[in-house]
Amino acid sequence: MEIYWLLGIPLTGGIFLALWGCRKHAPEINALVSFLTLLAAALLTHRIIDQGPMMVGAGWFFIDSFNVFLVALTAFVAFTTALFSRPYMRIEQEHGKLNAQRLRLYHSSYQIFIAAMLLALTTNNMGILWVAMEAATLATVLLVSLYRTPASLEAAWKYFILCGVGIALALFGTILLYFAAEKVLGSGGTALLWTHLNGVKAQLEPTVLSLAFVFLLVGYGTKVGLAPLHSWLPDAHAEGPTPVSAVLSGLLLNVALYAVMRSKVLVDGALGNDMAGNLMMGFGLLSVVLAAFLIKRQTDVKRMFAYSSIEHMGLITFAFGMGGAVANFAALLHMTMHSLTKSAIFFAVGHATQKAGTQLMDGIRGLIKTNPTIGWGLMLGTVAILGVPPFGVFASEFLIITTAMHEHPWATPFLLLALGVAFASIFGKVQPMVFGETELPKLPYQPALTPVFLHLGLVLMLGLFIPPYLAAWYRQAAQLLGG
Amino acid sequence: MTLTYHLQIVNLLAALLLLISFAMLSQRRIVGLVTLFAWQGAALALSTAIVAWSTDQHHLYYSAAITLVLKVVAMPWYFYRLVRKLDVNRVVEPMINIPTTMLIGIVLVIFAFNLALPISEMSGTVTRSTLGIALACVLLAFLMMITRSKAIPLVIGFLAMENGLFFAATSATYGMPLVVELGVALDVLVGVFVLGIFIFQIRETFDSLDLKHMEKLKER
Amino acid sequence: MSTGILLQLAQTLLAILLAPLLMGWVNQCRAWLQGRSAPPITQPYRTLKKLFHKDAVIAHHASPLFRFAPYMIFACMALAAGIVPTIANDLPFSPAADVIALVGIFALARVFLALAAMDIGSAFGTLGARREMLVSFLAEPALLMVFFTASLISQSTQLPIIVQTLAHREFAIYPSLAFAAVAFWMISVAENARIPVDNPSTHLELTMIHEAMILEYSARHLALIEWAVALKLFTYSALGVALFLPWGIAAQGDVAALPLALLAMVAKLLLGGAVLAFLETISAKVRLFRAPEFLGTAFLLAVLGMLIHFLLEV
């Protein structure tokens, strides 16, 4: 039952916000809807922890520990982002970058985007998964171009076309999957249900499935931001409004990777070899290394952190590619850490850029003086994402690298090099932003940074201590992905 | 060669689809492109309907009807309107000259046929041999997207790609489950309208629909 | 065997004699469609007769090749006409040359024509020769592709066998043949210097191709070339009929079917000529630098036809 609430609340919220229009309290409604969604997600999570995996709605929805963890994460970050965007967008409006109508579009698309992602996570049908992913893209295209500047239009256009082509490839992959499934399960609606496919995965035609996986990986991988199809990601992150960057980076990438993982489980079962894992490791490693070296060259702060997202998604993909209980566990943990930390960073960056009136890092200086909260938020976030202990990212990265060392020693030098380069460049660039000299006066208003510290606090906590039930949960999910 | 007549017609329509894909590659005018797109949709709808009739797959009738309404009537109408409103119907040279594009296209067709051969051998449908053509249509649409720099042709290329995928689904498996097809159609519809809005925004901001102006965001 | 040789001779002779008539028919149709009063259908014969009675004027520095070329071209075309089954399939000559050789014979005639055009050294001749080569280098591979498609279906490159197979198979839609037919039509138009690639009825345009090459010829030489041109059109029409509408051509040893075959042939040619005239009337000549595109499309269609044959019809 919770599942209908979970999907229904953001959807009705989106429609309501579109119809109700540009009233004064739209941001509050937006946050309220997100909060209700979070409640529904919490109830659902509770039920799954209690009762184990379940199917709802005649097999159309399927929740197990893997996706319920992502559902909880998505709902949580969506809620905190809505909290953050409430004052942030209001200030943007005061600055004249937005008008009320675009704000209405923003709120409505935001909720629909969340609904689409939740649908993608909870559906049991690989075809619906595709539809939901595409819907999530469509909902965000107009968000990326919200400011209507030439650069933002270009970014949105690139985002649409590249992801459109990617998602078309994924559709072909889905068709191939259906083609293989139809032979075993017979035609009709049930042949694309993941649970059914999972039951018969050993009988699926290996050649077709390996081809299907290539298409699915490249298709959904475009949305994950895997190199070499990543070029939309920095643009979209840099040119869209900051809350959108936060949810794109923190959530959409995860959901796309989730789609890849669901396919990988099937393909592994059908092939019985490491083909899928090796492909993912290759793409992941390439993304990590490429992104690390591109970070060095960035001048725009949001762009830089977008590349950092590519790097981390590459790392997660690599870890999932390695497979095995430990690597999957580490990847899931890293997914959580990255979502929380990266969205926190974007919140802090959003206020910093709003204050400085530019996204260029050279123009942002001495945050610690103008507003210590933002400064500390950004600094802590950066330290956390760079994998400094005791933050949780350290734990997950450490796990990934030790596993890599153990199982694929050849890859570790690349990973360490990339992480080192990323560390040096990001830290070197953020440090003057926070501690440098500045002429600017103090910020007149108090920024809404509760979400930042909430996220970072969670990351810190998970770095020091993972509650046993959470660890058990992760382990269960890791097992599901083929331990 | 003992195919029944309706299957021969499906094959003929498949060949026609491929031909239209090539015609799109060589078409210089946007209105011509829209017309070709409509014809492609018509061929697609007709072949889907014939497959539905000859194999008794009732859900394919719905697919055919959706295709007819969306891709033959609604979208071309919308595009015609867009072109008229924006006044962009001029002869536009693609970025790569047309004969070269055609040659690349032939290579892509050969590639697609080879790629599809092992899959279609496994398929149990009577229309399996057209899978290669479907894949070729997808690749050709992709090629068209690469060689165009204007917004509307790019979108039409995207939709043509979707047409090819739809045809692939029909020929390999008699179409996806109806729910999925409905979802895909909905997505495509929403996508086109989002793009319509988007094209106006681009026009407003750049005063042109030539995406060559969009070169600011490059990795330096 | 003797009937075969007789038939062969009769058919070749028929082609040579009827070729100007086809040309006349096309011109007449065109005149009707354009609303002009049509010249009599026998006009090409009168032109030929007139030209044969004139004295030839030849440039001072023309080499023997210049005089020899018209005979060669005419001979090539006559040979080509002899290979293509028009009314009967029983052609003893045809094993000597299959469709690939046929393309070679056309090429031979073209080479001589181009050489002769350049022989005088006038600007127009060279220009025409270059343009002709531009057209042919695209048209020939396309023509070969068309033949290959037909050969693949019938498993032979011998024209009589191809015709036999195509005429006597069970009726089925061959998408590959449809493609090949359209490609063949486009190639024929280009090879016979018709609109939209070239305009046969004028030689005062800077865009002319064929007419530029024969500007220097007069009298009997010109007559031979004109006749060869008519013969070429006839041969191409016969080829098209043989490949794509093969019904009615008399099978081997079936002498009784000959009158019917003749009738069918005449009907098909009349129809083909009328269609040619109609298409010429409704289309405009393309600019010269678009001609490669036109032929490229023909080539593309031919290749597609072949590929589709592999995919759908094997």
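Residue numbers (our numbering), protein chains in the order written: chain A, 1 to 483; chain B, 1001 to 1220; chain C, 2001 to 2314. We put the CB at the ideal spot given by N, CA and C, even for glycine.
Who does residue i pair with in a DSSP beta bridge?
i	result
M55(A)	F62(A)
V1150(B)	Reading the sequence as shown, one finds Lys at residue 1150(B) and not Val. K1150(B) pairs with D1210(B).
T123(A)	F61(A)
D300(A)	L360(A)
A212(A)	Paired residues: none, contrary to the question.
Should residue i go down as buried or exposed, given a rule of 16 or more other Cβ atoms within 10 Å for buried?
i	result
E239(A)	buried
I2249(C)	buried
W1077(B)	exposed
G2082(C)	buried
N99(A)	exposed
S2283(C)	exposed
N1114(B)	exposed
L2065(C)	exposed
N1097(B)	exposed
W194(A)	buried
L2193(C)	Correcting the residue type first, residue 2193(C) is Ala in the shown sequence and not Leu. A2193(C) should be labelled buried.
S2063(C)	exposed
R2030(C)	buried
Y1174(B)	buried
F391(A)	buried
R262(A)	buried
So with Cβ pairs under 8 Å, would you call residue i a contact of chain B?
i	result
E2(A)	no
V131(A)	yes
P2020(C)	no
E2293(C)	yes
P2246(C)	no
L2307(C)	yes
I2162(C)	no
V165(A)	yes
R148(A)	yes
Taking DSSP as the reference, what is the three-state secondary structure of residue i?
i	result
L193(A)	strand
L2177(C)	helix
P2160(C)	helix
L481(A)	coil
R1220(B)	Bear in mind that the predicted position of R1220(B) carries a pLDDT of just 48, short of 50, making it unreliable; the figure below should be weighed with that in mind. Note: R1220(B) maps to coil in three-state DSSP.
K342(A)	helix
S2154(C)	helix
D486(A)	Because chain A is modelled from 1 through 483, residue 486(A) falls outside the range shown and cannot be assessed.
M1001(B)	Because M1001(B) carries a pLDDT of 41, less than 50, the predicted location of this residue cannot be relied on, and the following value inherits that uncertainty. Looking at M1001(B) - three-state DSSP - the assignment turns out to be coil, as it is neither helix nor strand.
D1056(B)	coil
P2040(C)	coil
G13(A)	helix
E154(A)	helix
P467(A)	coil
E439(A)	coil
Nearest chain A C-beta to residue i closer than 8 Å, yes or no?
i	result
A1201(B)	The sequence given here has Gln at residue 1201(B), not Ala. For Q1201(B), the answer is yes, since a Cβ of chain A falls inside 8 Å of its Cβ.
S1123(B)	yes
P1094(B)	no
I1197(B)	yes
Quick one: does residue i have its CB under 8 Å from some CB of chain C?
i	result
V1107(B)	no
I1152(B)	no
P1099(B)	yes
M1102(B)	yes
L1019(B)	yes
N1011(B)	yes
Original post:
At what residue ranges does the region 380-432 of chain A contain a whole run of the alpha helix (DSSP H), taking only runs of 4 or more?
Top reply: 392-407
**OP:** Counting only runs of 4+ residues fully inside the region 2078-2145 of chain C, write out the alpha helix (DSSP H) ranges in chain order.
**Re:** 2099-2119
Original post:
Of all the alpha helix (DSSP H) runs that stay within the bounds of the region 1080-1143 of chain B, which reach a length of 4 or more residues?
Top reply: 1098-1122
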